[in-house]
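Peer 1: Residue numbers (numbering that gives the first Met the number 0), protein chains in the order written: chain V, 0 to 324; chain Y, 0 to 324; chain E, 0 to 324; chain G, 0 to 324.
From the three backbone atoms N, C-alpha and C, an ideal C-beta is built for every residue, glycine too.
Protein chains: 4
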Amino acid sequence: MFQVRTDLAVESRELYQENKSQEIPGVEVEQPKMSNDIEITRVKIIDDEGSRLMGRPKGSYITLEARGLKSADADLKDNVSKALAKELVSVIPKKQNINTLVVGLGNWDVTPDALGPEVISKILVTRHLFKMYNKSEDPSMSSVSAVTPGVMGTTGIETSDIITGIVEKSKPDLVIAIDALASRKMERVSTTIQISTTGISPGSGVGNLRKQLNEETLGVPVIAIGVPTVVDAATMTNDTIGMVVKALKSHSEQGSEFFKLLDDMKEDEKYALIKEVLEPYGANVIVTTKEIDKIITDISQIIANGLNIALHPGIDLKDVNRYLQ
Amino acid sequence: MFQVRTDLAVESRELYQENKSQEIPGVEVEQPKMSNDIEITRVKIIDDEGSRLMGRPKGSYITLEARGLKSADADLKDNVSKALAKELVSVIPKKQNINTLVVGLGNWDVTPDALGPEVISKILVTRHLFKMYNKSEDPSMSSVSAVTPGVMGTTGIETSDIITGIVEKSKPDLVIAIDALASRKMERVSTTIQISTTGISPGSGVGNLRKQLNEETLGVPVIAIGVPTVVDAATMTNDTIGMVVKALKSHSEQGSEFFKLLDDMKEDEKYALIKEVLEPYGANVIVTTKEIDKIITDISQIIANGLNIALHPGIDLKDVNRYLQ
Amino acid sequence: MFQVRTDLAVESRELYQENKSQEIPGVEVEQPKMSNDIEITRVKIIDDEGSRLMGRPKGSYITLEARGLKSADADLKDNVSKALAKELVSVIPKKQNINTLVVGLGNWDVTPDALGPEVISKILVTRHLFKMYNKSEDPSMSSVSAVTPGVMGTTGIETSDIITGIVEKSKPDLVIAIDALASRKMERVSTTIQISTTGISPGSGVGNLRKQLNEETLGVPVIAIGVPTVVDAATMTNDTIGMVVKALKSHSEQGSEFFKLLDDMKEDEKYALIKEVLEPYGANVIVTTKEIDKIITDISQIIANGLNIALHPGIDLKDVNRYLQ
Amino acid sequence: MFQVRTDLAVESRELYQENKSQEIPGVEVEQPKMSNDIEITRVKIIDDEGSRLMGRPKGSYITLEARGLKSADADLKDNVSKALAKELVSVIPKKQNINTLVVGLGNWDVTPDALGPEVISKILVTRHLFKMYNKSEDPSMSSVSAVTPGVMGTTGIETSDIITGIVEKSKPDLVIAIDALASRKMERVSTTIQISTTGISPGSGVGNLRKQLNEETLGVPVIAIGVPTVVDAATMTNDTIGMVVKALKSHSEQGSEFFKLLDDMKEDEKYALIKEVLEPYGANVIVTTKEIDKIITDISQIIANGLNIALHPGIDLKDVNRYLQ
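1) Tell me, to the nearest whole angstrom, how far the beta carbon of residue 8 of chain Y is from that of residue 193 of chain Y; I am working on the premise that it is less than 8 Å.
2) Could you tell me which residues DSSP pairs with residue 152 of chain E in its beta bridges?
3) Helix, strand or coil for residue 218 of chain E, going by three-state DSSP, please let me know.
4) Who pairs with residue 288 of chain E in a beta bridge, going by DSSP?
5) Give me the DSSP bridge partner(s) of residue 60 of chain V.
6) Quick one: any contact between the segment 215 to 228 of chain E and the segment 32 to 43 of chain E, if contact means 3 or more CB pairs under 8 Å?
7) Tell me the residue span of the beta strand (DSSP E) that contains residue 100 of chain Y.
8) Using three-state DSSP, classify residue 112 of chain V as helix, strand or coil.
9) Please list the terminal residues of the continuous alpha helix (DSSP H) segment that includes residue 162 of chain V.
10) For residue 90 of chain V and residue 154 of chain Y, which I take to be in contact (beta-carbon distance under 8 Å), what is that distance rounded to the nearest angstrom?
11) Can you tell me which of the three DSSP states residue 8 of chain V falls into?
12) Quick check: the segment 129 to 142 of chain G against the segment 108 to 116 of chain G, are there 3 or more CB pairs under 8 Å?
13) Leaving out five residues on either side along the sequence, give the residues of the same chain with a beta carbon under 6 Å from the beta carbon of residue 147 of chain V.
14) Between residue 301 of chain G and residue 139 of chain G, is the Cβ-Cβ spacing less than 9 Å?
15) Closest to residue 64 of chain Y by C-alpha separation, out of Y:33, Y:11 and Y:211, would be which residue?
16) Report the rounded CA-to-CA distance for residue 20 of chain G versus residue 28 of chain G, giving the unit in angstroms.
17) Cβ atoms of residue 213 of chain E and residue 198 of chain E: under 9 Å apart, would you say?
18) With a 10 Å radius around its C-beta and 16 neighbouring C-beta atoms as the bar for buried, classify residue 76 of chain V as buried or exposed.
19) Using a Cβ-Cβ distance cut-off of 9 Å, determine whether residue 312 of chain G contacts chain E.
20) Along the segment 164 to 176 of chain E, what residues have a CB closer than 9 Å to any CB found in chain C?
21) Among Y:24, Y:176, Y:144 and Y:11, whose alpha-carbon lies nearest the alpha-carbon of residue 161 of chain V?
22) Just to confirm my understanding: we take residue 149 of chain E, look at its own chain, exclude 5 residues before and 5 after, and list those with CB closer than 6 Å. What are they?
23) Suppose you measure from the CA of residue 289 of chain E to the CA of residue 109 of chain Y; what does that come to, to the nearest Å?
24) At 7 Å on the CB atoms, spell out the chain G contacts of residue 295 of chain V, in chain order.
25) Within 10 Å of its beta-carbon, does residue 208 of chain G have 16 or more other beta-carbons around it, so buried, or fewer, so exposed?
26) Count the other CB atoms within 10 Å of the CB of residue 48 of chain V; is the residue buried (16 or more) or exposed (fewer)?
27) Evaluate residue 106 of chain E with the Cβ neighbour count: other Cβ atoms within 10 Å of its Cβ, from every protein chain shown; 16 or more gives buried, anything less gives exposed.
28) Should residue 14 of chain E and residue 97 of chain E be called a contact, given that it needs their Cβ atoms to be closer than 9 Å?
29) Which residues in the same chain have their Cβ closer than 6 Å to the Cβ of residue 61 of chain E, if we skip the five residues on either side of it in sequence?
30) Within 10 angstroms of its Cβ, does residue 136 of chain E collect 16 or more other Cβ (buried), or is it exposed?
31) Anything in the segment 137 to 152 of chain G with a Cβ closer than 9 Å to a Cβ of chain E? List those residues in chain order, please.
32) Is there at least one Cβ from chain E nearer than 9 Å to residue 395 of chain G's Cβ?
33) Which residues, taken in chain order from the segment 222 to 239 of chain V, show a beta carbon closer than 8 Å to some beta carbon of chain G?
34) If you measure between the beta carbons of residue 22 of chain V and residue 30 of chain V, is that distance less than 9 Å?
35) Residue 287 of chain Y touches chain E at which residues, Cβ-Cβ below 8 Å?
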């Protein structure tokens with residue numbers, strides 16, 4: 000199995016297919032025909048073999064991709080929010096008066112890692128209103144709370160411990176965790192949203208969450224929403240070298256034996272070599288885009304809108320734009 | 000008793016003395032001779048009578064005042080950090096390898112209320128290092144963690160519930176809570192630091208914390224550190240009217256009967272009248288200074304330095320300035 | 000003439016009328032029937048007498064007031080942008096391919112003074128595109144540039160000198176200057192927009208602009224757009240005292256002689272007295288609202304949208320929301 | 000000549016020497032023995048040949064490198080500020096009562112490009128005080144002004160036109176321009192400061208300044224101060240490939256012919272190939288570090304301190320730390 004770093008299930012699948020040219024055993028894929036602007040891929044890992052080959056737990060991984068998001072069209076943004084809301088509704092447990100805790104993972108002070116906290120600042124929070132008016136249900140709203148637990152490097156406490164403590168006190172029926180991810184491809188930065196029902200796996204995300212956040216650890220279902228905001232530097236270099244070799248091959252008749260050698264080299268060996276070579280660049284090197292500040296602002300609004308519509312039954316996009324921004 | 004809004008014990012005492020010209024029964028006051036630049040007042044409420052007259056729980060209230068803080072002299076700042084550290088050490092429970100959780104109350108998005116979160120961002124956090132290296136003691140460091148729980152209006156959860164949840168999971172021996180306060184006097188904004196051993200009382204602070212944070216609710220001692228960042232608008236107007244009346248009196252021989260009437264009016268009636276009259280200005284009116292952004296930055300550094308020195312036995316101010324800023 | 004500090008022509012008029020109960024000589028007022036949500040007042044100072052009584056230069060002062068702006072309804076925001084655009088079009092010189100420089104006055108680092116710079120960050124800037132493609136006209140766009148000159152306290156240079164230098168190099172046909180204002184009433188903070196054709200008068204604004212920015216000094220017409228973001232502390236106290244006196248009068252039969260004395264006191268004497276009394280609060284005291292950060296974000300978008308529609312003939316609100324945010 | 004993108008003269012020299020193993024003709028290099036912590040290299044391009052080979056105008060290029068800057072030691076920071084001040088004094092024209100305009104190039108809204116504006120916010124500005132008190136000299140201060148002209152993409156105006164306009168109005172004797180740079184090596188990000196006497200060359204910097212800012216265009220001497228805040232992605236990949244090839248060579252006996260081919264490939268061909276291959280990553284890809292927000296804060300303070308000491312004869316580092324931060 001190849002260990003190229005990616006937080007996106009669709010990329011793990013792509014990598015497998017690049018090598019094996021077939022669908023991964025134990026994995027079901029569905030690509031509903033949507034619009035031309037938004038592409039949805041639903042990857043379902045159904046058995047242990049699929050889990051092993053994909054390098055992640057069994058469950059659903061839904062990806063929304065909209066290349067046009069880069070050029071910031073308000074209609075497309077609204078459509079992505081609506082599509083996101085629809086996919087979220089399909090994975091949120093069916094329960095009357097569900098009580099949801101939204102968790103914004105990541106670090107306010109590191110721009111590409113600030114996605115989670117930024118989404119939280121735009122969530123329509125209602126739990127305290129239910130408490131204040133002593134209500135347990137409402138035709139248009141459900142009970143929503145929202146926290147930003149920080150990262151272990153700045154709190155000194157495992158993020159999962161903070162969330163477990165808050166879950167035990169506030170007793171939600173569902174946790175939705177938002178996090179920034181790393182992609183293999185710059186084109187996916189800010190244009191792709193992944194929903195998964197398996198929680199957040201250790202080591203994922205730009206932040207440094209250690210323990211798992213999932214139904215097992217929190218006692219309630221955990222849905223994760225992630226957006227790539229950075230590209231892994233080693234991955235980028237690895238891909239680039241592959242492309243350089245390809246380009247050189249077509250340019251030259253010579254050295255064909257060597258190209259074969261490099262081509263045949265196992266992906267993980269090559270990746271490890273590059274990792275080692277990049278070490279002087281420091282553990283903290285990130286590859287991102289100049290517009291990352293603006294991108295975090297935009298995509299966090301899209302996700303917050305999607306969540307606000309999905310969680311509050313009587314609220315639609317018009318209301319979200321009208322009352323909440 | 001007069002209900003003029005102030006979060007500072009020294010101001011409650013001042014108000015009492017303005018009216019009664021004597022020390023409050025049940026209250027002990029100590030003003031150690033320090034330097035000319037920093038004035039320290041230690042108010043100890045020792046019985047129920049003192050508690051009733053001061054309008055706050057029994058315990059110690061230490062105030063550091065340094066008028067010069069406004070003009071930002073680095074030496075004075077360092078001296079205030081050192082004085083703060085010394086006073087903190089005097090109220091921190093004597094315990095080997097004490098494990099402290101620092102809590103930054105308040106709202107990142109409202110500048111005068113962002114003091115708590117700003118201090119947290121400058122705290123030397125070590126708890127995760129003790130865990131990582133599986134240590135329980137260290138000659139120069141103690142175990143410190145730090146969180147910013149947010150405010151109920153943005154989380155939907157009682158702040159005390161969030162903190163209780165985190166305390167139960169991370170098991171500190173001591174909680175130190177930082178909050179922004181309201182003063183009666185603009186001259187105290189950013190120049191006064193109050194330490195108290197009684198926790199944070201309900202309704203205090205710029206934020207809207209409802210339940211108490213104290214040893215009873217959290218199960219461990221709670222030390223509160225507060226700095227005034229705003230002046231209550233009704234208080235300012237009230238004080239101004241008093242001064243106008245005084246000024247008019249000295250200007251005029253006429254109307255002396257009326258002045259007497261206004262002077263004799265009970266403080267709380269006058270305050271209630273002004274509150275009512277100010278209503279159209281909105282519940283959210285704040286009186287602060289133009290430099291509030293810079294002031295929050297400066298004073299949060301002073302407090303963080305004081306905490307870092309007080310909590311880590313092997314660290315002095317030179318190290319704090321050297322390694323942590 | 001009364002010297003109560005206000006940057007709004009409608010408030011100068013109100014003050015006059017409170018005292019004299021008649022329209023100001025030399026001033027024409029028009030209040031077109033709009034919608035119920037937005038009230039427009041067009042004050043035209045037509046002669047020297049009007050100028051003297053209003054304490055500002057001859058010219059047009061248009062005020063849009065929308066109390067509902069506080070609760071942030073997207074439709075109302077859009078309507079205000081459209082109404083603003085319409086009023087702007089009525090005062091912008093009729094000229095083909097007009098070249099406009101938008102100037103954001105004020106200080107980024109002082110939240111209530113950051114309105115101008117915030118608007119600039121949302122303006123659709125095109126001048127460089129005209130240059131790049133060597134065009135002088137376009138059916139849907141006009142040439143727009145935008146600068147934030149800073150304030151003299153941080154640049155060391157008169158703001159008018161910076162703007163004059165940029166005007167001489169970039170040769171616009173029109174300057175539109177945005178600034179934060181002070182109002183007498185908290186209810187006007189963030190709900191009122193003033194357009195004037197007379198430039199920015201010295202001493203106006205929250206910032207400390209000294210020299211005038213007008214057609215005389217810049218050589219091209221200057222339109223000013225201002226929004227109150229603070230209330231003057233002395234004004235607030237003055238108004239409050241007035242209301243307290245009124246309230247006391249109705250409560251009490253006594254002291255009627257004194258009330259008469261206070262009532263008869265000249266406005267400017269009273270104001271000067273309060274100013275003096277407030278001195279210990281410092282020159283930098285501001286009275287504003289807790290939500291000022293959010294308010295600056297919202298109102299700057301409304302103004303930027305209004306400007307973008309007014310300046311670019313082929314662009315309407317849908318495009319603005321679609322492409323520019 | 001090799002076209003690898005670098006804004007640092009020391010890197011152009013390194014590249015030449017990597018290929019030719021000799022000093023560049025027409026270039027004089029001086030490396031004064033300083034401390035162990037700070038390395039200073041003074042590169043002087045003295046003739047046209049040197050200018051052609053270095054790809055930059057004749058003049059002085061002084062580089063201060065302090066690897067330790069990454070770990071934020073206050074003493075080292077102070078030493079770098081002092082060393083910077085000393086080097087600046089050596090290139091600032093000797094003139095009594097010199098009047099300096101400091102220009103912060105770059106874009107506030109793009110973190111790695113915000114260095115210039117951040118430095119400006121920490122400069123001790125005095126020009127308006129000289130004007131206010133009608134003074135032309137002072138024993139401890141010189142006249143300093145400071146502006147942030149923005150970038151053409153957000154102003155619509157050539158940055159050089161804005162600066163020329165301000166220079167004509169405010170008539171400084173000297174312009175000092177601060178800008179963020181790109182380096183070939185991540186280890187130089189935030190640890191290297193370059194001073195040059197030749198102004199800012201077109202195309203340099205992270206921003207998109209087009210016309211030159213130099214003595215010819217502005218009429219007064221221009222000193223540029225730059226700090227690398229990003230690494231060029233193509234450069235990083237190029238360097239990585241070189242290192243991979245080296246690593247592979249030592250691992251393997253095979254393919255030696257190919258390695259020779261790749262090794263012999265001209266630097267510029269290789270770079271162009273990688274540029275092409277990286278195109279899908281987008282024009283806006285940046286390679287930087289996770290800590291870039293903190294780094295910009297720290298290094299801007301170091302530079303501002305250096306400038307404040309160099310420009311104001313009566314001020315030393317103690318005063319800077321005492322009064323200005």
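Peer 2: Let me lay it out:
1) For the purposes of this step, residue 8 of chain Y is identified with residue 9 of the second sequence, where counting begins at 1. For the purposes of this step, residue 193 of chain Y is identified with residue 194 of the second sequence, where counting begins at 1. Sure, about 7 Å apart at Cβ, within 8 Å.
2) For the purposes of this step, residue 152 of chain E is taken as the residue at position 153 of the third sequence. According to DSSP, which records beta bridges pairwise, residue 152 of chain E is partnered with nothing at all.
3) Looking up residue 218 of chain E in the third sequence gives position 219. Correct three-state label for residue 218 of chain E: coil.
4) If you number the third sequence from 1, residue 288 of chain E lands on position 289. Per DSSP, Y:284.
5) For this step, residue 60 of chain V is matched to residue 61 along the first sequence. Partner(s): V:42 and V:195.
6) Flag = no, the segment 215 to 228 of chain E and the segment 32 to 43 of chain E do not touch.
7) Within the second sequence, the letter at position 101 stands for residue 100 of chain Y. Counting along the chain, the beta strand (DSSP E) containing residue 100 of chain Y begins and ends at 98 to 103.
8) In the first sequence, residue 112 of chain V corresponds to position 113, counting from 1. Helix at residue 112 of chain V.
9) Working through the first sequence from its first residue, we reach residue 162 of chain V at position 163. Element bounds for residue 162 of chain V: 158 to 169.
10) In the first sequence, counting from the first residue as 1, residue 90 of chain V sits at position 91. In the second sequence, counting from the first residue as 1, residue 154 of chain Y sits at position 155. Between residue 90 of chain V and residue 154 of chain Y a beta carbon distance of about 24 Å is seen, past the 8 Å cut, so the two are scored as non-contacting.
11) The count along the first sequence starts at 1 and reaches residue 8 of chain V at position 9. In this structure, residue 8 of chain V counts as helix in the three-state DSSP scheme.
12) The segment 129 to 142 of chain G, when compared against the segment 108 to 116 of chain G, does not touch it at the 8 Å Cβ threshold.
13) In the first sequence, residue 147 of chain V corresponds to position 148, counting from 1. When the five nearest sequence neighbours on each side are left out, the beta carbons in the same chain lying within less than 6 Å of the beta carbon of residue 147 of chain V are those of 103, 116 and 119, in order along the chain.
14) Taking the fourth sequence and counting its residues from 1, the one referred to as residue 301 of chain G is at position 302. Taking the fourth sequence and counting its residues from 1, the one referred to as residue 139 of chain G is at position 140. In this structure, residue 139 of chain G does not lie closer than 9 Å to residue 301 of chain G by Cβ.
15) Numbered from its first residue, the second sequence carries residue 64 of chain Y at position 65. Selected option, being the one with the closest Cα: Y:33.
16) Sequence index remark: in the fourth sequence, residue 20 of chain G carries index 21 (1-based). Sequence index remark: in the fourth sequence, residue 28 of chain G carries index 29 (1-based). Straight-line Cα distance between these residues: approximately 15 Å.
17) Your numbering for residue 198 of chain E matches position 199 in the third sequence. Your numbering for residue 213 of chain E matches position 214 in the third sequence. Contact check for residue 198 of chain E against residue 213 of chain E passes: the beta carbons are separated by less than 9 Å.
18) Position 77 of the first sequence, counting from 1, holds the residue named residue 76 of chain V. Counting other Cβ atoms within 10 Å of its Cβ, residue 76 of chain V reaches 16 or more and is therefore classed as buried.
19) Position 313 of the fourth sequence, counted from the start, is the residue given in the question as residue 312 of chain G. No - not a single Cβ of chain E is within 9 Å of the one on residue 312 of chain G.
20) Of the protein chains in the structure, V, Y, E and G, none is chain C.
21) Walking along the first sequence from the start, residue 161 of chain V turns up at place 162. In this structure, Y:144 is the residue among Y:24, Y:176, Y:144 and Y:11 with its C-alpha nearest to the C-alpha of residue 161 of chain V.
22) As a first step, residue 149 of chain E is located in the third sequence; it is residue number 150 there, counting from the start. Sequence-distant partners of residue 149 of chain E (beyond 5 residues in either direction) whose C-beta falls short of 6 Å from its own C-beta are missing from its chain.
23) The sequence position of residue 289 of chain E within the third sequence is 290, counting from 1. The sequence position of residue 109 of chain Y within the second sequence is 110, counting from 1. Taking the Cα positions, residue 289 of chain E is about 6 Å away from residue 109 of chain Y.
24) Here residue 295 of chain V refers to the residue found at position 296 when the first sequence is read from its first residue. The premise fails here: residue 295 of chain V is roughly 11 Å from chain G at the closest Cβ pair, so nothing lies under 7 Å.
25) On the fourth sequence, residue 208 of chain G is found 209 positions in, with the first residue counted as 1. Note on residue 208 of chain G: pLDDT 47, under 50, position unreliable in the model; the coordinate value appears next. If you draw a 10 Å sphere on the C-beta of residue 208 of chain G, you find 16 or more other C-beta atoms in it, and that means buried.
26) For this step, residue 48 of chain V is matched to residue 49 along the first sequence. With fewer than 16 other Cβ atoms inside 10 Å of its own Cβ, residue 48 of chain V counts as exposed.
27) In the third sequence, the residue the question calls residue 106 of chain E occupies position 107. So residue 106 of chain E counts as buried.
28) The residue you call residue 14 of chain E lines up with position 15 of the third sequence. The residue you call residue 97 of chain E lines up with position 98 of the third sequence. No, they are not a contact pair.
29) Position 62 of the third sequence, counting from 1, holds the residue named residue 61 of chain E. Closer than 6 Å at the Cβ level, and outside the excluded window around residue 61 of chain E, lie 41, 86 and 194.
30) Taking the first residue of the third sequence as 1, we reach residue 136 of chain E at position 137. Looking at its Cβ environment, which holds fewer than 16 other Cβ atoms inside 10 Å, residue 136 of chain E is exposed.
31) Flagged, chain order: 142, 143, 144, 145, 146, 147, 148, 149, 151 and 152.
32) There is simply no residue 395 of chain G to check, as chain G begins at 0 and stops at 324 in what is shown.
33) Under the 8 Å Cβ criterion, the segment 222 to 239 of chain V contributes 230, 232, 235, 236 and 239.
34) Here residue 22 of chain V refers to the residue found at position 23 when the first sequence is read from its first residue. Here residue 30 of chain V refers to the residue found at position 31 when the first sequence is read from its first residue. In this structure, residue 22 of chain V lies away from residue 30 of chain V, with their beta-carbon atoms at least 9 Å apart.
35) Against the second sequence, residue 287 of chain Y aligns to sequence position 288. Neighbours of residue 287 of chain Y on chain E, chain order: 284, 285 and 287.
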